[in-house]
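Q:
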Ligand code: ADP
């Protein structure tokens, strides 16, 4: 559990730092239970009544039923405040309360028997089980997907297809499985050019706040444990020349709202935070490798340095607003529009890399036909600017801290949470505007109405947020701080969404509700439906392909329920099939060609018919069982798998269970 996660909910909710605390009392009466929220220090009492019509007053004097319904609806929209279950909000509670208050919505701090419109979870989609309607602020599978290894894998698949577009992510190797490859590749680089002296950063998978991170200059310095002790981690090229301000390294925390997966809708907060190191930066050398205050920008580390500067100003101190840093750079002549445009591109491309697997998680938890809930999520992108101003993605946090206080040493060794105006300014805006965008009552701009892709590929993206349609009671609120970037820039980025099309196909053949892995029969059905087998590639070869790839990906999976072919293994199989079929093309064209072929088959009447009969059987077909497991398929020695094998080893693919679900990572 993260440091931020210590405030458990009781019916007395302390609003740290604001000097107020809320006491929640419960009164049961015969009409239902009524809750009162006394906000201490303000004398205010908020009341809520849980009856069937949720406090909606239906106009009594109209006779015409339709008119009454319409009127009632209008009134409901006008009068019934949006309801938010905040019982699981954890450390985002205070910022959430302020946001709800600004919106004049209704908070349910202890949850509610009737359904709420919005459920605000502090950790994961599953914080509140049994939510069947409304909207939850977390997607299923997001924590797993954004762990360092999984993110690296997802980006790497995109790097294979689009190396230039995905050069914003430092070269990474997955430990322990790619340890040998890492050593060999670095040794070769050094042998080729003795002047090259790279540094690497080792980050434990699922770690946060800088925990367990260290820098190395030679693969032999990896702290590897063996056997079951082997720690999963990512070793990554260290960016040696970051942009400095006041001689200090800093990184950007950018808030991104994933509003919907399908259709893909992404918003970026115009305001973010920058976190500064507390020791002047020097390029890494053996002597300074362990200087965390010089190399790591994590707030949680630097706050404990004697040099950390708490400041109420947004443009000084160790934590500043993004805009203050951008203005400062602009004053020095930096083209900040270009920087911003590159950052937006980085965000959209990263989202495109992780969305395919998220769609698999989503359909498993909320299968089509299930009424709900729907999901949205605020993500925290950590971005470093290189000296040449190119943004680099360090990681994406599924639970960015929404705390609006910071730790301060009030006496030697005594830390207390005190209000942080910089955090409040940024985070309350992000939460409030996320809620505004998710308002179930607001007129939803249909996706078809939105200008999809106003710019040509390569054109710079403007900085200003669009004017957003406002609901009538939003008059007093500032304009939205969240800027829509997708589908707005569809035209620029849609060509990257190849893996998503593969995922859509994968999901179509999954068969059983709640499933995330393809059984051998379903894989065969996919091959047959898409007419991918022929005299050169028999169904027996298909079975061997299935076994071979699935075994490599799920080698260490003890859970039989999870047996089968996951999306990433399916993508590998798909790349292999594409390579066989379209040998003369480059990988990207191979994949596009195979996708077009498969999609055409699936749309054909026979394709539709065959899909209906997708078997749910997870049993291994007799033909496969009789094969000796572990037989290597000679046909796998084609260029595609060889290329993949040379660049990476995907042996360990598993649905990673969060070891520790860390709430609200500020870093
Ligand atoms: P954590 O989740 O533990 O915070 P991060 O990936 O965010 O892990 O890394 C922690 C810090 O290390 C970052 O905030 C950044 O300052 C530094 N860092 C991480 N990766 C790199 C890199 N590839 N190059 C340079 N600095 C890095």
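In this note's numbering, the protein residues as written are 181 to 847.
Cβ coordinates follow ideal geometry from the N, Cα and C atoms, glycine included.
1. Does the Cβ-Cβ distance between residue 540 and residue 758 come in under 8 Å?
2. Considering just the uninterrupted stretch of the beta strand (DSSP E) at residue 298, what are its terminal residues?
3. Can you give me the C-alpha to C-alpha distance between residue 291 and residue 583, rounded to a whole angstrom?
4. Closest to residue 388 by CA distance: which of 436, 357 and 580 is it?
5. So the beta strand (DSSP E) residue 433 belongs to, where does it begin and stop?
6. With a threshold of 7 Å, establish whether the CB of residue 387 neighbours any heavy atom of the ligand ADP.
7. Does any C-beta atom of chain B lie closer than 8 Å to the C-beta of residue 767?
8. Per DSSP, what kind of secondary structure is residue 284 in: helix, strand or coil?
9. Where does residue 321 fall in DSSP's three states?
10. Just curious, the alpha helix (DSSP H) that residue 606 is in, first and last residue?
11. Helix, strand or coil for residue 586, going by three-state DSSP, please let me know.
12. Note down the Cα distance separating residue 706 from residue 778, rounded to an integer number of angstroms.
13. How should residue 457 be labelled, buried or exposed, when 16 other C-beta atoms within 10 angstroms of its C-beta is the threshold for buried?
14. Return the chain-ordered list of same chain residues with a C-beta closer than 6 Å to the C-beta of residue 522, the five sequence neighbours on each side being excluded.
15. Measure from the alpha carbon of residue 338 to the alpha carbon of each residue in 761, 533 and 546, then state which is nearest.
16. By a C-beta neighbour count over all protein chains shown, 10 Å radius and 16 as the cutoff for buried, is residue 264 buried or exposed?
17. In terms of alpha-carbon separation, which member of 314, 450, 398 and 776 lies closest to residue 611?
18. For residue 881 and residue 721, I'd like the C-alpha separation in whole angstroms.
19. Indicate the three-state DSSP secondary structure (helix, strand or coil) for residue 383 in the structure shown.
20. Does the Cβ of residue 381 lie closer than 7 Å to at least one heavy atom of the ligand NAD?
21. With respect to 7 Å, is the separation between the Cβ of residue 574 and the closest non-hydrogen atom of the ligand ADP below this value?
22. Report the residue ranges of all alpha helix (DSSP H) runs contained in full by the region 714 to 764; include only those spanning at least 4 residues, in chain order.
23. Determine the contact status of residue 310 and residue 390, defining contact as a CB-CB distance below 8 Å.
24. Take the Cβ of residue 606 as the centre, count every other Cβ of all protein chains shown within 10 Å, and call the residue buried at 16 or more, exposed below.
25. To which residues does DSSP link residue 555 through a beta bridge?
26. Does the distance between the C-beta of residue 418 and the nearest non-hydrogen atom of the ligand ADP fall short of 7 Å?
27. Got a sec? Which residues, its chain only, sit under 6 Å from residue 469 by beta carbon, not counting five neighbours each side?
28. Among 439, 403 and 708, which has the Cα closest to the Cα of residue 359?
29. With H, G and I counted as helix, E and B as strand and the rest as coil, what does DSSP make of residue 267?
30. Residue 348 and residue 768 - do their beta-carbons sit closer together than 8 Å?
31. Under a Cβ-count criterion, where at least 16 other Cβ atoms within 10 Å of its own Cβ denotes burial, should residue 549 be classed as buried or exposed?
32. Starting from residue 354, trace the beta strand (DSSP E) both ways and give me its first and last residue.
33. Could you round the C-beta distance between residue 379 and residue 416 to whole angstroms and report it? I think they count as a contact, below 8 Å.
34. Output needed for residue 543: all residues of its chain with C-beta closer than 7 Å, excluding positions within five of it in sequence on either side, in chain order.
35. Is it buried or exposed, residue 271, if we count other Cβ atoms within 10 angstroms and call 16 or more buried?
36. Quick check on residue 507: buried or exposed, where buried means 16 or more other Cβ atoms within 10 Å of its Cβ?
A: According to the structure data:
1. Using a Cβ distance threshold of 8 Å, residue 540 and residue 758 do not count as a contacting pair.
2. Note, residue 298: beta strand (DSSP E), 298 to 301.
3. The C-alpha of residue 291 lies about 21 Å from the C-alpha of residue 583.
4. Comparing Cα positions, the closest option is 580.
5. First-last of the beta strand (DSSP E) with residue 433: 428 to 440.
6. Answer for residue 387: yes, Cβ within range of the ligand ADP.
7. Among the chains in the structure shown there is no chain B, since it carries only a single protein chain.
8. Three-state DSSP puts residue 284 in coil, outside helix and strand.
9. Residue state, collapsed to three classes: coil.
10. Unbroken alpha helix (DSSP H) run through residue 606: 601 to 618.
11. Three-state result, residue 586: strand.
12. Taking the straight line joining both Cα atoms gives about 9 Å.
13. Residue 457 is buried by the Cβ-count criterion.
14. Here the set comprises 571.
15. That would be 533, whose Cα lies nearest to the Cα of residue 338.
16. It counts as buried.
17. Nearest to residue 611 by alpha-carbon distance, out of 314, 450, 398 and 776, is 450.
18. Shown here, the chain extends from 181 to 847; a query on residue 881 therefore has no answer.
19. Correct three-state label for residue 383: strand.
20. For the structure depicted, the ligand NAD is absent and the ligand set comprises only the ligand ADP.
21. Proximity of the beta carbon of residue 574 to the ligand ADP is indicated: a heavy atom of the ligand is located closer than 7 Å.
22. Counting only runs of 4 or more, we get 719 to 734 and 747 to 761.
23. In this structure, residue 310 keeps its C-beta atom at 8 Å or more from the C-beta atom of residue 390.
24. By the Cβ neighbour-count rule, residue 606 is buried, with 16 or more other Cβ atoms within 10 Å of its own.
25. Answer is 316, bridged to residue 555.
26. Between the ligand ADP and residue 418, a heavy atom-to-CB distance of less than 7 Å is present.
27. These residues qualify, in order along the chain: 395.
28. For the residues 439, 403 and 708, the minimum Cα distance to residue 359 belongs to 403.
29. Correct three-state label for residue 267: strand.
30. In this structure, residue 348 does not lie closer than 8 Å to residue 768 by Cβ.
31. Exposed, by the Cβ-count rule.
32. Segment 352 to 355, the beta strand (DSSP E) holding residue 354.
33. The Cβ separation is near 10 Å, so there is no contact.
34. Taken in chain order, the residues that qualify are 687.
35. By the 10 Å Cβ count, residue 271 comes out buried.
36. It counts as exposed.
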